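Novice:
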Amino acid sequence: MNAPSPPKLPVSLAANPRLSSWLKFSADGQVTVSPGKVEIGQGIVTALAQIAADELDVDMARVRMVRASTAASPNEGVTSGSLSIQQSGRALRHACAEVRHIFLAAASDRLGAAIDTLGVEDGTICGPGNVRTSYWELAGEISLDRDASPGITQKSIQQRALAGHSVRRLDIPDKVFARQRFIHDTALPGMLHGRVLRPEISGAMLAELKEDGAQAVPGLVAIVRDGNFSGVVCETEHAAEAALKALRKGATWSGGETLPDENDLAAFLKSQPVESTVIDTRKASSPGTDRRTIKRQYTRPYIAHASIAPSCAIAQWDAGKIRVWTHSQGVYLLRADLALVLKLPVENIAVEHMEGAGCYGHNAADDVALDAVLLARQADGRPVRVQWSREGEMSHAPFGAAMAIEIEADLDANNEITDWRHAIWSNGHAARPGRAAKPALLAGTEMSNPFPRMVSTNPPQANGGGGDRNSIPLYDFPSWTIESHRLLTMPVRTSALRTLGAQGNVFAIESFLDEIATERGEDPVAFRLRHLSDERAKDVIRTAARRANWKPARRAGIGYGIGFARYKNTGAYCAAVAEIEGEEDIRVRKLTLAVDVGEAINPDGVINQIEGGAIQATSWVLKERVRFDRQRITSTTWTDYPILRFSEAPDVEVELIQRPEVDPVGAGEAAHGPVTAAIANAVFDALGVRVRNLPITRDSLIAAMELAR
Amino acid sequence: MPSVRFRLNGVETLVDADPDRSLLDILRGPLGMTGPHFGCGAGECGACNVIVGDRAVTSCDTPLWSVADKDVTTIEGLGSAEQPHPLQRAFIAEQAMQCGYCVPGILMSAAALLKRNPSPSSAEIKEALDRNLCRCGSHNRIVRAVLRAASEAAG
Numbered sequence: 217m218n219a220p221s222p223p224k225l226p227v228s229l230a231a232n233p234r235l236s237s238w239l240k241f242s243a244d245g246q247v248t249v250s251p252g253k254v255e256i257g258q259g260i261v262t263a264l265a266q267i268a269a270d271e272l273d274v275d276m277a278r279v280r281m282v283r284a285s286t287a288a289s290p291n292e293g294v295t296s297g298s299l300s301i302q303q304s305g306r307a308l309r310h311a312c313a314e315v316r317h318i319f320l321a322a323a324s325d326r327l328g329a330a331i332d333t334l335g336v337e338d339g340t341i342c343g344p345g346n347v348r349t350s351y352w353e354l355a356g357e358i359s360l361d362r363d364a365s366p367g368i369t370q371k372s373i374q375q376r377a378l379a380g381h382s383v384r385r386l387d388i389p390d391k392v393f394a395r396q397r398f399i400h401d402t403a404l405p406g407m408l409h410g411r412v413l414r415p416e417i418s419g420a421m422l423a424e425l426k427e428d429g430a431q432a433v434p435g436l437v438a439i440v441r442d443g444n445f446s447g448v449v450c451e452t453e454h455a456a457e458a459a460l461k462a463l464r465k466g467a468t469w470s471g472g473e474t475l476p477d478e479n480d481l482a483a484f485l486k487s488q489p490v491e492s493t494v495i496d497t498r499k500a501s502s503p504g505t506d507r508r509t510i511k512r513q514y515t516r517p518y519i520a521h522a523s524i525a526p527s528c529a530i531a532q533w534d535a536g537k538i539r540v541w542t543h544s545q546g547v548y549l550l551r552a553d554l555a556l557v558l559k560l561p562v563e564n565i566a567v568e569h570m571e572g573a574g575c576y577g578h579n580a581a582d583d584v585a586l587d588a589v590l591l592a593r594q595a596d597g598r599p600v601r602v603q604w605s606r607e608g609e610m611s612h613a614p615f616g617a618a619m620a621i622e623i624e625a626d627l628d629a630n631n632e633i634t635d636w637r638h639a640i641w642s643n644g645h646a647a648r649p650g651r652a653a654k655p656a657l658l659a660g661t662e663m664s665n666p667f668p669r670m671v672s673t674n675p676p677q678a679n680g681g682g683g684d685r686n687s688i689p690l691y692d693f694p695s696w697t698i699e700s701h702r703l704l705t706m707p708v709r710t711s712a713l714r715t716l717g718a719q720g721n722v723f724a725i726e727s728f729l730d731e732i733a734t735e736r737g738e739d740p741v742a743f744r745l746r747h748l749s750d751e752r753a754k755d756v757i758r759t760a761a762r763r764a765n766w767k768p769a770r771r772a773g774i775g776y777g778i779g780f781a782r783y784k785n786t787g788a789y790c791a792a793v794a795e796i797e798g799e800e801d802i803r804v805r806k807l808t809l810a811v812d813v814g815e816a817i818n819p820d821g822v823i824n825q826i827e828g829g830a831i832q833a834t835s836w837v838l839k840e841r842v843r844f845d846r847q848r849i850t851s852t853t854w855t856d857y858p859i860l861r862f863s864e865a866p867d868v869e870v871e872l873i874q875r876p877e878v879d880p881v882g883a884g885e886a887a888h889g890p891v892t893a894a895i896a897n898a899v900f901d902a903l904g905v906r907v908r909n910l911p912i913t914r915d916s917l918i919a920a921m922e923l924a925r
Numbered sequence: 003m004p005s006v007r008f009r010l011n012g013v014e015t016l017v018d019a020d021p022d023r024s025l026l027d028i029l030r031g032p033l034g035m036t037g038p039h040f041g042c043g044a045g046e047c048g049a050c051n052v053i054v055g056d057r058a059v060t061s062c063d064t065p066l067w068s069v070a071d072k073d074v075t076t077i078e079g080l081g082s083a084e085q086p087h088p089l090q091r092a093f094i095a096e097q098a099m100q101c102g103y104c105v106p107g108i109l110m111s112a113a114a115l116l117k118r119n120p121s122p123s124s125a126e127i128k129e130a131l132d133r134n135l136c137r138c139g140s141h142n143r144i145v146r147a148v149l150r151a152a153s154e155a156a157g
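Protein chains in written order, with the working numbering: chain A, 217 to 925; chain B, 3 to 157.
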């Protein structure tokens with residue numbers, strides 16, 4: 217046994233140790249909590265309020281959650297990767313526990329009572345003989361402008377009253393009663409409206425721009441042009457739309473870039489210059505005797521974030537200072553890139569979060585913020601609100617990267633796996649702003665003296681990886697080699713989409729395992745359990761299987777499949793059983809999932825995320841594929857980029873395995889990989905056809921049948 | 003400028019505007035009513051749904067002239083925190099959303115459904131909401147919330 221390492225602060229708290237940056241008591245009996253993570257429809261603000269109220273012993277109604285801003289919030293980077301509970305939650309729990317101790321110590325002095333005789337009830341500190349004070353009474357004499365210290369004792373599981381309970385979301389009443397909450401619905405005094413002109417042809421240059429049509433639109437305030445970037449600023453949104461339409465008529469575009477062949481993505485991905493990285497290797501202690509090798513290739517297409525709201529931002533220039541309101545997932549990171557583009561110190565820019573619609577990763581939220589800043593520069597100090605069009609959102613925002621995945625397995629005489637080789641060809645899965653020496657924002661590549669378009673990279677495996685996310689098997693194979701080939705060209709713009717590469721890798725691994733189990737004539741659940749030693753992994757598989765009555769008797773046209781993953785190999789465990797029906801058009805009837813996130817702070821919130829993830833994954837699998845010809849993205853409407861509708865949504869059952877003694881992890885991305893694989897495996901079960909290229913549509917089924925012939 | 007008169011959430015409303023402009027543009031612009039949301043501008047997602055007469059319509063492709071002398075109900079007219087519509091209560095009870103951007107339109111589609119069919123089946127609810135898109139995957143919760151609202155209204 218090693219000696220226990222000295223206690224450390226949670227990562228977000230280590231980066232932002234000042235306690236007052238996390239919480240403050242205000243005189244009116246409230247506590248203001250200021251996390252660096254933002255609400256994107258995942259319910260994080262409620263879960264964090266629960267943690268704070270719990271640790272401080274105050275009623276939830278006293279907790280006022282502050283939206284993240286560069287002016288006042290701790291810098292927690294980006295709200296992504298299912299890390300908010302893990303990072304913000306742990307930091308806040310520690311900070312609140314420490315603040316409680318600090319106040320109890322002060323109360324002990326004031327009341328003349330030993331600290332261990334004091335208790336806190338809704339912010340009132342009481343001791344023997346009915347002596348009492350409160351956080352608010354003491355707040356004036358206690359400065360929280362001090363750094364957190366490691367090793368603070370937090371409440372035990374039994375002492376927590378709120379964590380582990382399905383507290384109702386704080387934001388939902390506003391949303392059902394149409395009380396302003398979204399940035400889209402925000403009106404600032406004197407606010408103008410802007411629109412930006414972009415070409416349909418990918419990478420085209422603005423050769424000529426006749427402005428007279430737009431000039432004639434009543435309410436026009438300014439036409440802004442900077443290289444290939446151009447836009448309009450108007451008094452009203454209606455006028456901005458009209459001016460943009462006129463400006464579009466006056467624009468002549470030239471050149472452009474060639475896009476890949478959408479019908480042969482694997483050939484494209486495998487023909488590009490790449491940076492190759494060995495992600496992981498394992499060598500067998502005693503090499504097996506291989507009898508044969510089988511090899512399969514799986515692909516997934518480019519997938520759009522397809523937020524239900526086009527991206528929106530508001531910006532204002534005032535005497536060289538810039539204010540930006542944004543639904544970006546990272547206010548500090550956006551600010552860093554804005555500073556790079558504008559060549560201004562970050563101190564001149566204040567970025568404040570406001571809620572948008574669900575983004576599911578890096579969509580156009582950051583891009584539109586720069587658009588608004590560039591237009592607002594010519595608006596004489598008035599704030600300018602810019603909103604993208606549906607078509608813009610579906611063509612100019614980054615997409616989730618297409619992937620080709622090849623897996624080879626060596627099998628011995630008993631068809632047991634002796635070696636496993638997994639190779640990925642894909643663009644990088646991350647080109648978020650604020651992390652590089654050059655900006656990642658779209659308009660930065662369009663201005664005169666443009667910045668080059670950032671070619672997406674992959675986070676390191678230690679941070680969960682990118683294209684290689686979830687590519688290292690959790691199964692006990694004796695040896696393996698995992699390799700990632702990241703493209704160095706990027707004709708189709710890609711960045712972070714929910715799960716990064718995990719959906720593709722889990723689809724490939726779990727499909728291939730099913731193929732091998734089938735060859736062996738072994739039940740796929742039993743096969744998986746036999747290759748796992750992690751009890752939590754086995755538990756979710758057994759639970760999902762039991763709940764789905766695995767495996768129900770065979771019925772014509774109905775199939776069942778299973779998929780499993782632990783997100784990022786370090787996060788939530790999830791297993792899914794899919795029940796599908798159909799011959800030509802596949803319908804997912806039911807998904808049964810089991811999930812283990814350790815301590816579930818808000819169980820209904822976790823279940824909501826898993827249900828939503830399962831349905832979104834079903835949509836990706838059955839319907840979604842970014843379409844393009846050799847010049848332009850063509851899937852720019854909901855007709856050309858259909859998503860799952862109410863009548864197509866499967867029933868979803870979720871069983872949450874509660875482990876309050878285990879540190880919590882996020883739930884938002886756990887379901888996508890397992891559900892994708894479960895559906896594909898169920899299609900094989902029903903039809904005997906193995907679809908290895910997503911999405912699973914009538915066309916891909918026919919292609920797979922022809923291949924099998 | 004020609005003017006169009008209609009009843010908005012029960013209030014007589016006169017709008018001086020080009021009658022070919024979309025109802026959504028008028029609601030969110032000159033009338034400052036931001037409950038109905040812009041999603042696509044092509045009548046494909048339902049985020050902008052309002053009730054005209056007794057039918058839910060996509061206000062982004064409904065011209066202003068077509069609502070002359072009609073009753074238009076937006077989410078602002080459905081209910082309030084003080085006097086919530088059964089659907090609003092049920093959406094809270096079922097926690098029937100993630101981001102909630104699509105919810106105003108879905109509430110209006112569901113309200114129109116409950117008016118013509120006070121006790122719909124799950125299948126009927128799904129059919130009535132089939133032109134409303136939800137990207138977060140809250141479909142099943144939303145259906146449960148509509149069922150709950152129907153049973154509460156009946157009970």
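Note that beta-carbon positions come from the ideal geometry of N, C-alpha and C, so glycine has one too. Note that the structure is predicted; figures quoted are calculated from it, not measured.
For arginine 385/A, which three-state DSSP category applies?
Specialist: Three-state result, arginine 385/A: coil.
Novice: Residues bridged to valine 804/A by DSSP?
Specialist: DSSP, once it has assigned bridges, lists Ile796/A as partnering valine 804/A.
Novice: So leucine 211/A packs on isoleucine 510/A, CB below 8 Å; how close in whole Å?
Specialist: Outside the shown range of chain A (217 to 925) lies residue 211/A, about which nothing can therefore be said.
Novice: Can you confirm whether serine 140/B, when its beta carbon is compared against all beta carbons of chain A, has any partner nearer than 8 Å?
Specialist: Yes - at least one Cβ of chain A is within 8 Å of the one on serine 140/B.
Novice: Return no unless some Cβ of chain B is closer than 8 Å to the Cβ of asparagine 824/A.
Specialist: Closer than 8 Å to some Cβ of chain B, the Cβ of asparagine 824/A qualifies, so yes.
Novice: Opposite isoleucine 439/A in the DSSP bridges: which residues?
Specialist: According to DSSP, which records beta bridges pairwise, isoleucine 439/A is partnered with Val448/A.
Novice: First and last residue of the alpha helix (DSSP H) that includes methionine 610/A?
Specialist: From DSSP, the alpha helix (DSSP H) with methionine 610/A extends over 606-611.
Novice: Quick one: what does DSSP say glycine 720/A is sitting in, helix, strand or coil?
Specialist: Of the three classes helix, strand and coil, the one that applies to glycine 720/A here is helix, per DSSP.
Novice: Of all Cβ atoms in chain B, is any one closer than 8 Å to the Cβ of serine 863/A?
Specialist: Yes, because at least one Cβ of chain B sits closer than 8 Å to the Cβ of serine 863/A.
Novice: Which runs of the alpha helix (DSSP H) at least 4 residues long sit entirely within the region 63-99 of chain B? Give them in chain order.
Specialist: With a minimum length of 4 residues, the continuous alpha helix (DSSP H) runs that stay inside the region 63-99 of chain B are 88-95.
Novice: Among all the DSSP beta bridges, which residues are the ones paired with glutamate 624/A?
Specialist: Glutamate 624/A pairs with Lys511/A, Arg637/A.
Novice: Given a cut-off of 8 Å on the beta-carbon distance, is the pair valine 274/A and valine 294/A in contact?
Specialist: Cβ atoms of valine 274/A and valine 294/A: not closer than 8 Å.
Novice: Can you list, in chain order, the residues of its chain whose CB lies under 6 Å from that of serine 162/A, leaving out five sequence neighbours each side?
Specialist: Because chain A in this structure spans residues 217 to 925, residue 162/A falls outside the shown range and cannot be described.
Novice: Distance, Cα to Cα, lysine 784/A vs proline 768/A?
Specialist: Each residue's Cα considered, the two are about 31 Å apart.
Novice: When you compare the region 821-836 of chain A with the region 868-884 of chain A, are there three or more beta-carbon pairs, one atom per stretch, that lie closer than 8 Å?
Specialist: The region 821-836 of chain A vs the region 868-884 of chain A: in contact.
Novice: Closer than 6 Å by C-beta to glutamine 603/A: which residues in its own chain qualify, once you throw out the five before and the five after it? Chain order, please.
Specialist: The answer, listed in chain order, is Pro526, Cys528.
Novice: Quick one: which unbroken alpha helix (DSSP H) runs of 4-plus residues sit fully inside the region 330-355 of chain A? Chain order, please.
Specialist: Within the region 330-355 of chain A, the complete alpha helix (DSSP H) runs of at least 4 residues are 351-355.
Novice: Who are the Cβ neighbours of tryptophan 67/B in its own chain at under 8 Å, not counting the five residues just before and after it?
Specialist: Excluding residues within five positions, the ones whose Cβ falls inside 8 Å are Val6, Pro21, Asp22.
Novice: Looking only at C-alpha atoms, which of Thr808/A, Ile621/A, Gln374/A, Ala652/A sits nearest to phenylalanine 975/A?
Specialist: With chain A running from 217 to 925 in the structure shown, residue 975/A is simply not present.
Novice: Against serine 4/B, what residues of chain A qualify as contacts under a CB-to-CB distance less than 8 Å, listed in chain order?
Specialist: Per the sequence shown, residue 4/B should be read as proline rather than serine. Within chain A, no residue comes near proline 4/B; the closest Cβ sits about 16 Å away, beyond 8 Å.
Novice: At 8 Å on the CB atoms, spell out the chain B contacts of isoleucine 802/A, in chain order.
Specialist: In chain order: nothing, as chain B lies at least about 18 Å away.
Novice: Is it buried or exposed for valine 494/A, if we count other Cβ within 10 angstroms and need 16 for buried?
Specialist: Valine 494/A is exposed by the Cβ-count criterion.
Novice: Using a Cβ-Cβ cut-off of less than 8 Å, give me the residues of the region 101-113 of chain B that come near chain A, in sequence order.
Specialist: Under the 8 Å Cβ criterion, the region 101-113 of chain B contributes Cys101, Gly102, Tyr103, Cys104, Val105, Pro106, Leu109.
Novice: Tell me which residues of the region 505-525 of chain A have at least one Cβ-Cβ distance to chain B shorter than 8 Å, keeping chain order.
Specialist: Listed by position, the residues of the region 505-525 of chain A near chain B (Cβ gap below 8 Å) are Ala522, Ser523, Ile524, Ala525.
Novice: Would you list the one or two residues that DSSP bridges to aspartate 56/B?
Specialist: DSSP lists no partner for aspartate 56/B.
Novice: Is there a Cβ from chain A that is less than 8 Å from the Cβ of cysteine 42/B?
Specialist: Chain A, which has a Cβ nearer than 8 Å to the Cβ of cysteine 42/B, makes this yes.
Novice: Is it the case that the region 914-923 of chain A contacts the region 798-805 of chain A, given that we only count it when at least three CB pairs across the two stretches are under 8 Å?
Specialist: Yes, they touch.
Novice: Indicate the three-state DSSP secondary structure (helix, strand or coil) for lysine 117/B in the structure shown.
Specialist: Three-state DSSP puts lysine 117/B in a helix.
Novice: By the 9 Å beta-carbon criterion, what residues does the region 241-272 of chain A contribute toward chain B?
Specialist: Cβ contacts with chain B: Glu255, Ile256, Gly257, Gln258, Gly259.
Novice: Tell me whether aspartate 244/A is buried or exposed, calling it buried when 16 or more other Cβ atoms sit within 10 Å of its Cβ.
Specialist: It counts as exposed.
Novice: In three-state terms, what does DSSP make of isoleucine 849/A?
Specialist: It is a strand residue.
Novice: Using C-beta distances below 8 Å, list every residue in its chain close to glycine 652/A, excluding the 5 sequence neighbours before and after it, in chain order.
Specialist: The sequence shown places alanine at residue 652/A, not glycine. Excluding sequence neighbours, alanine 652/A sits near Met670.
Novice: Taking all protein chains shown into account, decide if glutamate 922/A is buried (16 or more other Cβ within 10 angstroms of its Cβ) or exposed.
Specialist: Classification of glutamate 922/A: exposed, given that the 10 Å Cβ count is below 16.
Novice: If we define contact as Cβ-Cβ less than 8 Å, is glycine 12/B a contact residue for chain A?
Specialist: Output row for glycine 12/B: interface = no.
Novice: Secondary structure at glutamine 266/A, three-state DSSP: helix, strand or coil?
Specialist: Helix, per DSSP.
Novice: Using a C-beta cutoff of 8 Å, does serine 82/B count as contacting chain A?
Specialist: Closer than 8 Å to some Cβ of chain A, the Cβ of serine 82/B qualifies, so yes.
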